[in-house]
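Numbering-wise (my numbering), the sequence shown opens with residue 71 and increments by one. Every residue, glycine too, gets a C-beta built ideally from N, C-alpha and C. Everything numeric in this text was worked out from a predicted model, so none of it was measured. Here is the structure we will look at.
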Amino acid sequence: MTEADPILRPSGRRAVLIDGKAAAAQIDAAVRAGALELAAALGRPPCLAVVLAGEDPASQVYVRNKVRRTERAAMTSVEHRLPADISQDALMALIDRLNADEGVDGILVQLPLPAGLDASAVVQAIDPAKDVDGLTAASAGALVLGAPGLRPCTPSGCVYLARRALGDLTGRHVVVIGRSILVGKPAALLFLEADCTVTLAHSRTRDLPALARQADILVAAAGRPGMVKADWIKPGAAVIDVGINRVEGPDRTSRLTGDVDFEPALDAAGFITPAPGGVGPMTIAMLLVNTLRAAARRAGLPLPSAVADLGAD
Ligand code: GUN
Numbered sequence: 071m072t073e074a075d076p077i078l079r080p081s082g083r084r085a086v087l088i089d090g091k092a093a094a095a096q097i098d099a100a101v102r103a104g105a106l107e108l109a110a111a112l113g114r115p116p117c118l119a120v121v122l123a124g125e126d127p128a129s130q131v132y133v134r135n136k137v138r139r140t141e142r143a144a145m146t147s148v149e150h151r152l153p154a155d156i157s158q159d160a161l162m163a164l165i166d167r168l169n170a171d172e173g174v175d176g177i178l179v180q181l182p183l184p185a186g187l188d189a190s191a192v193v194q195a196i197d198p199a200k201d202v203d204g205l206t207a208a209s210a211g212a213l214v215l216g217a218p219g220l221r222p223c224t225p226s227g228c229v230y231l232a233r234r235a236l237g238d239l240t241g242r243h244v245v246v247i248g249r250s251i252l253v254g255k256p257a258a259l260l261f262l263e264a265d266c267t268v269t270l271a272h273s274r275t276r277d278l279p280a281l282a283r284q285a286d287i288l289v290a291a292a293g294r295p296g297m298v299k300a301d302w303i304k305p306g307a308a309v310i311d312v313g314i315n316r317v318e319g320p321d322r323t324s325r326l327t328g329d330v331d332f333e334p335a336l337d338a339a340g341f342i343t344p345a346p347g348g349v350g351p352m353t354i355a356m357l358l359v360n361t362l363r364a365a366a367r368r369a370g371l372p373l374p375s376a377v378a379d380l381g382a383d
């Protein structure tokens, strides 16, 4: 790497913040333009069905945000709120109905589901053409194969933000910390699809700090607050913090914080996402893109150019 390489931050400067809120707002606006265009062709707006079972407070906040942003993006949101004691059979029957409903383009089942329900069985029952979370076996298989399909939202947001900071990602070494189904594993595959060299690290990885220091792009998705220290970061690297951890403050207040020890990291990284306000807003933005994509594909229409031009693939 040379001094001119854009991944190297100008000496003495603190990291450039990667503004996920601004990126998400741009994407939402493009989706809105695309949704209006598609609605004219379909005779109705694209439609996302959201299924929320139980009363988990964090899930209720997520779902409220999803519904609000879907509607602001000129798409229809249909919410199915179910009691925590709903039976597996009733939930599976709802998925069957939503699969069969021609007016529904995307189906999202908010996770985690209440104890006693088999979340995997519910998610795997979703029609892959409507799998806007990208979590079915068919969607995961398409990602592995590099075939067309709906990609998981949070990791797509990570790739989008890395591109926003660095431009072309070809040849970058990405270290992903965390191997979850929702984030780590698909993030590794999506960065591979972007021609990066990818290392997928996890809780059993040996000498994680030394490995992390090799990363041009460090993705922290371990779910452990403040785990990534400044001396884990190669000077000038781009740091993408996926963590959303609720931690107790000294005065019994609680606040959200990421997986990166943020303040000290600012003096090591070249680019860094704040948490919250970085990756978080991108998840819903990518969900809206996927809903538009599903609606277009189901109707045999191209993805509207306002969204295709974003390069959010
Ligand atoms: N719960 C937390 N994150 C997610 C997500 O990306 N999708 C779904 N369905 N549930 C979640």
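Residue i Cβ short of 6 Å to ligand 1 heavy atom set
{"i": "L178", "result": "yes"}
{"i": "D203", "result": "yes"}
{"i": "L181", "result": "yes"}
Delimiting residues of the alpha helix (DSSP H) encompassing residue i
{"i": "D265", "result": "From DSSP, D265 is part of no alpha helix (DSSP H); its letter is neither H nor E."}
{"i": "R233", "result": "C223 to L236"}
{"i": "I97", "result": "G90 to L112"}
{"i": "S209", "result": "A207 to L215"}
{"i": "I287", "result": "First-last for I287: I287 to A290, but that is the beta strand (DSSP E), not the alpha helix (DSSP H)."}
{"i": "A163", "result": "Q158 to A170"}
{"i": "E333", "result": "F332 to A335"}
Exposure label - residue i; buried when at least 16 CB within 10 Å
{"i": "S190", "result": "exposed"}
{"i": "D321", "result": "exposed"}
{"i": "T206", "result": "buried"}
{"i": "Q284", "result": "exposed"}
{"i": "L213", "result": "buried"}
{"i": "T240", "result": "exposed"}
{"i": "R363", "result": "buried"}
{"i": "A74", "result": "Legend: pLDDT at A74 = 40, less than 50; position of this residue unreliable, value from coordinates given subsequently. Its Cβ having fewer than 16 others within 10 Å, A74 is exposed."}
{"i": "A335", "result": "buried"}
{"i": "P116", "result": "buried"}
{"i": "T72", "result": "Note that T72 scores a pLDDT of 41, beneath 50, so its modelled location is shaky; the value from the coordinates is reported in the next line. That one is exposed."}
{"i": "D301", "result": "exposed"}
Residue i vs residue j beta-carbon contact at 7 Å
{"i": "P198", "j": "P225", "result": "no"}
{"i": "R84", "j": "D337", "result": "yes"}
{"i": "A292", "j": "I247", "result": "yes"}
{"i": "L220", "j": "V202", "result": "yes"}
{"i": "M352", "j": "A100", "result": "no"}
{"i": "V120", "j": "E149", "result": "yes"}
{"i": "T361", "j": "D188", "result": "no"}
{"i": "G237", "j": "V349", "result": "no"}
{"i": "I177", "j": "L168", "result": "yes"}
{"i": "T327", "j": "V312", "result": "no"}
{"i": "A282", "j": "V253", "result": "no"}
{"i": "F341", "j": "A308", "result": "yes"}
{"i": "L87", "j": "P279", "result": "no"}
{"i": "D166", "j": "A355", "result": "no"}
{"i": "A378", "j": "L108", "result": "no"}
Residue i, enclosing beta strand (DSSP E) - first and last residue
{"i": "V246", "result": "H243 to I247"}
{"i": "S324", "result": "S324 to T327"}
{"i": "R316", "result": "N315 to E318"}
{"i": "S190", "result": "Segment A189 to Q194 is the alpha helix (DSSP H) holding S190; no beta strand (DSSP E) there."}
CB contact check: residue i to chain C, cutoff 7 Å
{"i": "R151", "result": "Looking at the structure shown, chain C is missing, and only one protein chain is on hand."}
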